[in-house]
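A short worksheet on the structure shown next.
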Amino acid sequence: MLLYSFGFAFLLAVIFALLFSNLFNNSGPWGSFWVFLLILFFGIWGASLWFSPVGPLWYGVPWIDMLLIGLFLALLLGAAGEANSRYRDYPKDKEVDIVAESKKETGAIALFGIFFWLFMAVLLAIVLIGVIKLL
Numbered sequence: 088m089l090l091y092s093f094g095f096a097f098l099l100a101v102i103f104a105l106l107f108s109n110l111f112n113n114s115g116p117w118g119s120f121w122v123f124l125l126i127l128f129f130g131i132w133g134a135s136l137w138f139s140p141v142g143p144l145w146y147g148v149p150w151i152d153m154l155l156i157g158l159f160l161a162l163l164l165g166a167a168g169e170a171n172s173r174y175r176d177y178p179k180d181k182e183v184d185i186v187a188e189s190k191k192e193t194g195a196i197a198l199f200g201i202f203f204w205l206f207m208a209v210l211l212a213i214v215l216i217g218v219i220k221l222l
């Protein structure tokens with residue numbers, strides 16, 4: 088069952104990642120297809136290991152639960168990516184301190200990178216604890 092759960096989570100993550108990156112031109116807040124795929128995969132698989140199965144099972148895998156979790160995660164990350172992709176237009180008549188603005192952006196990028204790795208570590212811990220719980 089663990090192998091089927093792994094495979095179905097990966098399949099759903101690939102489908103949702105391809106759908107969002109190609110059809111909607113949105114790869115989540117990090118702007119990378121592979122990062123979007125990894126977050127979806129670990130999120131779907133981790134949630135399927137922890138939630139009680141509801142609905143029909145296919146080879147012991149609660150496929151409806153995984154489908155809904157994947158859709159929710161993809162929509163959530165897609166919405167965050169859409170908000171992140173908006174750029175700031177500066178008025179033409181105002182002078183902007185380029186150095187100050189670039190320092191602000193560098194700090195935001197560094198904080199965002201830390202958030203990503205913390206988020207991935209938590210997702211990985213959720214999956215590992217769920218797998219250990221099943222064994």
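In the numbering used here, the protein residues as written are 88 to 222.
All C-beta atoms in this analysis are idealised placements derived from N, C-alpha and C, irrespective of residue type, glycine included.
For A100 and F111, what's the separation of their Cα atoms in angstroms? 15 Å
Run the CB neighbour count on I131, radius 10 Å, all protein chains shown included, and call it buried at 16 or more, exposed below. buried
If you check the beta carbons only, do L136 and G217 fall under 7 Å apart? yes
In its own chain, which residues sit with a C-beta less than 6 Å from the C-beta of S114, not counting the 5 before and 5 after it? S108, F120, F123
If we require 4 or more residues per run, which alpha helix (DSSP H) segments fall completely within the region 100-132? none
Proximal residues to V148 (C-beta, below 8 Å), its chain only, five neighbours per side dropped: M88, Y91, S92, F95, S135
Can you give the Cα-Cα distance for I156 and G118, rounded to whole angstroms? 21 Å
Quick check on W150: buried or exposed, where buried means 16 or more other Cβ atoms within 10 Å of its Cβ? buried
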